[in-house]
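Structure first, then comments.
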Ligand SMILES: Cc1cc2nc3c(=O)[nH]c(=O)nc-3n(C[C@H](O)[C@H](O)[C@H](O)COP(=O)(O)OP(=O)(O)OC[C@H]3O[C@@H](n4cnc5c(N)ncnc54)[C@H](O)[C@@H]3O)c2cc1C
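Residue numbers (my numbering): 819 to 1302.
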């Protein structure tokens, strides 16, 4: 059953231990750094109840309505429905948020695909996977992703340093396992639960390891401590930093101080082969909504640069049009990969419909790796005024205001107020602390660049190019034989 925004907020008041800037937060829904993003997630919940959005954001099954975002994709329409739903949400809130549920649930669906492999390795936990995927649908649970440990000195095995630098199991009890360690997690402080799994590292050469654990962790469970980074919201005037104040998705170092994970929440434990398998398939669905956000990000860059060119009359110059076209090529490149990955979608081992993998992963590399260059073009097109323009108080004040009005009014259509607003928007998109943070988010939040490339390498079918060259270069059949 779908939740309301207030039910979601109420769920966050579960006594969870959240810290920010050295202060214990008593109610996350009210803290200035967290309230804006919690309000957006709550708005997503509420939208599904509104007549205008009801049929695109939810669907009916078994007499109940459920979130369209959490419906496992079985046919092409399921993906199209999700595209429309994301579009409606982002247009309603007027910005881009990524880790709001639809982008993390795919990690759970990839567990469905791994069910048989995991059951073969250790049959105890297979039923837990089905149970949890169903629970997300039925209870409309907001999930986040817990992969990255602090890790410490990478040249050492975790056992050879402080063992807590990577999450591990310290004890088994009748009730479940006890875990210790920490993970970096976006949105953890205001989510319901996280799917925790290991970063495969130096320990995974062993067959069995206490570090090979995959499970659900409730974000308000005893022993879970969220130590948030400083937020951007509430630190500046929203008129001058309109994105930072509304869309900041706060990360936390989430510490697990001997946290009990009930057996029914465990997906795999001790078998390093299971951990490796899970890592390989982790993003096969969730890369799609992740890359989709970059399409909207590209639209924001194009819109900001194009409005600026229109304001200043620079859109008449061919050289400026070519730079705008570079942004469009980037945008359409992302669009093409996403569209093709759905047009060529593949049946997964678990019977779901997954975007064609090498197309999707190649799109992720394009979208993430080219973002710095595209932000540079957009920034360059907007000009230096995005960083030297005085703030809104200066525009309003007697004494400075009339001068700013004079120099920022461009013509009859473009008066200083709109000029100031556009420059403030572009600064927050391209040049502010928040803009830099979002760029880093894109580069890392769904694994770093080398990992994105490994996904392309592992999913691309090399047989086509190999056969083509074999024939064209007239290579002998001997080369197909295994090495002696
Ligand atoms: C904004 C933001 C949000 C995040 N959100 C989440 C989240 O929600 N959940 C989560 O689990 N994690 C999250 N992360 C963590 C993210 O997954 C990690 O930053 C990422 O996995 C890299 O780990 P690291 O930062 O420890 O870098 P390191 O492991 O220290 O790596 C640093 C660099 O060294 C190089 N390098 C390291 N190992 C290799 C290798 N094997 N091959 C080639 N090059 C290598 C790469 O250039 C790499 O970028 C987030 C990170 C950021 C910045």
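Think of the CB as a built atom: it goes at the ideal place given N, C-alpha and C, for glycine as much as any other residue.
Source: prediction; values computed, not measured.
Practice task
May I ask whether a heavy atom of ligand 1 can be found less than 8 Å away from the beta carbon of residue 961?
Solution key: The sequence position of residue 961 within the chain shown is 143, counting from 1. Outside the cutoff, so no.
Handout entry: Collapsed DSSP secondary structure at residue 997 in the structure displayed
Key = The residue given as residue 997 occupies position 179 in the chain shown. DSSP places residue 997 in strand when its eight states are reduced to three.
Practice task
Verify the contact flag: residue 1069, CB atom, against every heavy atom of ligand 1, threshold strictly below 8 Å.
Solution key: Translated into the one-based positions of the chain shown, residue 1069 becomes position 251. Correct: residue 1069 has its Cβ closer than 8 Å to ligand 1.
Handout entry: Assumed close pair residue 1248, residue 1200 - CB separation to whole angstroms, cut-off 8 Å
Key = For the purposes of this step, residue 1248 is taken as the residue at position 430 of the chain shown. For the purposes of this step, residue 1200 is taken as the residue at position 382 of the chain shown. Between residue 1200 and residue 1248 the Cβ distance is about 7 Å, and since that is below 8 Å, they are a contact.
Exercise for the section: Return yes when the Cβ of residue 1279 is within less than 9 Å of the Cβ of residue 1176, no when it is not. Expected result: The count along the chain shown starts at 1 and reaches residue 1176 at position 358. The count along the chain shown starts at 1 and reaches residue 1279 at position 461. Annotated as proximal: residue 1176 and residue 1279, with beta-carbon spacing under 9 Å.
Exercise for the section: Determine which residues share a DSSP beta bridge with residue 837 and list them. Expected result: Locating residue 837 in the chain shown gives position 19, where the first residue counts as 1. Beta-bridge pairing links residue 837 to 842, 1045.
Practice task
Taking the CB atoms as reference points, tell me whether residue 1101 and residue 924 lie closer together than 9 Å.
Solution key: By one-based count along the chain shown, residue 1101 stands at place 283. By one-based count along the chain shown, residue 924 stands at place 106. Yes.
Exercise for the section: Tell me where the alpha helix (DSSP H) around residue 954 begins and ends. Expected result: Here the question's residue 954 lines up with position 136 in the chain shown. From DSSP, the alpha helix (DSSP H) with residue 954 extends over 944-957.
Practice task
Throw me the rounded Cβ distance for the residue 1012 and residue 1035 pair, which I believe falls under 8 Å.
Solution key: Taking the chain shown and counting its residues from 1, the one referred to as residue 1012 is at position 194. Taking the chain shown and counting its residues from 1, the one referred to as residue 1035 is at position 217. A Cβ-Cβ distance of about 5 Å is found for the pair residue 1012 and residue 1035, placing them in contact under the 8 Å criterion.
Handout entry: DSSP state of residue 1172 mapped onto helix, strand, coil
Key = Translated into positions along the chain shown, residue 1172 becomes position 354. Of the three classes helix, strand and coil, the one that applies to residue 1172 here is strand, per DSSP.
Problem - Buried versus exposed call for residue 861 [16 or more other C-beta atoms within 10 Å across all chains shown] - result: For the purposes of this step, residue 861 is taken as residue 43 along the chain shown, with counting starting at 1. Residue 861 should be labelled exposed.
Exercise for the section: Kindly indicate which residue of 1113, 1118, 990 has the alpha-carbon position closest to the one of residue 1079. Expected result: Taking the first residue of the chain shown as position 1, residue 1079 is located at position 261. Cα-wise, what sits closest to residue 1079 is 990.
Problem - Own chain, CB closer than 6 Å to residue 1219, minus 5 neighbours either side, in chain order - result: Sequence index remark: in the chain shown, residue 1219 carries index 401 (1-based). Same-chain partners within the cutoff: 1213.
Practice task
In angstroms with no decimal places, state the Cα-to-Cα distance between residue 987 and residue 873.
Solution key: Position 169 of the chain shown, counting from 1, holds the residue named residue 987. Position 55 of the chain shown, counting from 1, holds the residue named residue 873. Those two C-alpha atoms are separated by around 44 Å.
Problem - Beta-carbon proximity of residue 802 to residue 1084, cut-off 9 Å - result: The chain is shown from 819 up to 1302; residue 802 falls before or after that span and cannot be answered.
Exercise for the section: Tell me residue 1002's beta-bridge partners as DSSP assigns them. Expected result: In the chain shown, counting from the first residue as 1, residue 1002 sits at position 184. In the DSSP assignment, residue 1002 forms a beta bridge with 966, 1071.
Handout entry: Counterpart residues of residue 1080 in DSSP-defined beta bridges
Key = On the chain shown, position 262 is the one that residue 1080 refers to. DSSP output for residue 1080 lists 994 as bridge partner(s).
Practice task
Counting only runs of 4+ residues fully inside the region 859-913, write out the alpha helix (DSSP H) ranges in chain order.
Solution key: Runs of the alpha helix (DSSP H) inside the region 859-913: 869-875, 894-911.
Exercise for the section: Counting only the same chain and skipping the five closest in sequence on each side, list residues whose C-beta sits under 6 Å from that of residue 1244. Expected result: For the purposes of this step, residue 1244 is taken as residue 426 along the chain shown, with counting starting at 1. In the same chain as residue 1244, and ignoring 5 residues on each side of it, the C-beta atoms closer than 6 Å to its own belong to 1122, 1200, 1204, in chain order.
Exercise for the section: Starting from residue 1035, trace the beta strand (DSSP E) both ways and give me its first and last residue. Expected result: Along the chain shown, read from residue 1 onward, the residue named residue 1035 stands at position 217. Element bounds for residue 1035: 1026-1036.
Practice task
Note down the Cα distance separating residue 978 from residue 881, rounded to an integer number of angstroms.
Solution key: Taking the chain shown and counting its residues from 1, the one referred to as residue 978 is at position 160. Taking the chain shown and counting its residues from 1, the one referred to as residue 881 is at position 63. Residue 978 and residue 881 have their C-alpha atoms spaced approximately 54 Å apart.
Practice task
Tell me whether residue 1280 counts as near ligand 1, meaning its Cβ is closer than 8 Å to at least one heavy atom of that ligand.
Solution key: Walking along the chain shown from the start, residue 1280 turns up at place 462. The answer is no for residue 1280.
Handout entry: Nearest candidate by alpha-carbon position, reference residue 931, set 957, 906, 1065, 890
Key = On the chain shown, position 113 is the one that residue 931 refers to. Answer by Cα proximity: 890.
Practice task
Let me know if residue 1267 comes out buried or exposed under the rule of 16 or more other beta-carbons within 10 Å of its beta-carbon.
Solution key: Along the chain shown, read from residue 1 onward, the residue named residue 1267 stands at position 449. Here residue 1267 is exposed, its C-beta having fewer than 16 other C-beta atoms within 10 Å.
Problem - Top-ranked residue by Cα proximity to residue 838, from 851, 847, 831 - result: As a first step, residue 838 is located in the chain shown; it is residue number 20 there, counting from the start. With distances taken between Cα atoms, residue 838 lies closest to 851.
Practice task
Less than 8 Å between the CB atoms is what I'm expecting for residue 1020 and residue 1044, so what's the real figure, rounded?
Solution key: Indexing the chain shown from 1 puts residue 1020 at position 202. Indexing the chain shown from 1 puts residue 1044 at position 226. So it is not a contact: roughly 27 Å between Cβ atoms.
Problem - Contacts around residue 955, its chain only, beta-carbon distance under 6 Å, and the 5 residues preceding and following it disregarded - result: Locating residue 955 in the chain shown gives position 137, where the first residue counts as 1. Close CB contacts of residue 955 within its chain, under the 6 Å cut and outside five residues either way in sequence, are with 884, 888 (chain order).
Problem - Between the CA atoms of residue 1170 and residue 840 - distance to the nearest angstrom - result: The residue labelled residue 840 in the question sits at position 22 within the chain shown. The residue labelled residue 1170 in the question sits at position 352 within the chain shown. Each residue's Cα considered, the two are about 45 Å apart.
Problem - Heavy atom of ligand 1 within 8 Å of residue 1003 beta-carbon - result: By one-based count along the chain shown, residue 1003 stands at place 185. Placement of the Cβ of residue 1003 at a distance of less than 8 Å from at least one heavy atom of ligand 1 is found.
Practice task
Alpha carbon to alpha carbon, how far is residue 1125 from residue 1137? Give it in angstroms, no decimals.
Solution key: As a working mapping, residue 1137 is identified with position 319 in the chain shown. As a working mapping, residue 1125 is identified with position 307 in the chain shown. Roughly 16 Å between the two C-alpha positions.
Practice task
For residue 1094, name the three-state secondary structure that DSSP assigns.
Solution key: Your numbering for residue 1094 matches position 276 in the chain shown. Helix, per DSSP.
Problem - DSSP bridge partner residues for residue 1148 (one or two, in chain order) - result: Counting from one through the chain shown, the residue named residue 1148 turns up at place 330. Residue 1148 pairs with nothing; no bridge assigned.
Handout entry: Collapsed DSSP secondary structure at residue 988 in the structure displayed
Key = The residue you call residue 988 lines up with position 170 of the chain shown. Residue 988 falls in the strand class under three-state DSSP.
Problem - DSSP state of residue 1059 mapped onto helix, strand, coil - result: As a first step, residue 1059 must be located in the chain shown, where it is residue number 241. DSSP places residue 1059 in the coil class of the three-state scheme, outside both helix and strand.
Practice task
Below 8 Å CB to CB, which residues in the same chain sit around residue 906 once its five sequence neighbours on both sides are set aside?
Solution key: Numbered from its first residue, the chain shown carries residue 906 at position 88. Cβ neighbours of residue 906 beyond the five flanking positions: 865, 871, 874, 875.
Practice task
Taking residue 1038 as the reference, give the member of 834, 936, 1157, 1282 with the closest Cα.
Solution key: By one-based count along the chain shown, residue 1038 stands at place 220. Here the closest residue by C-alpha is 834.
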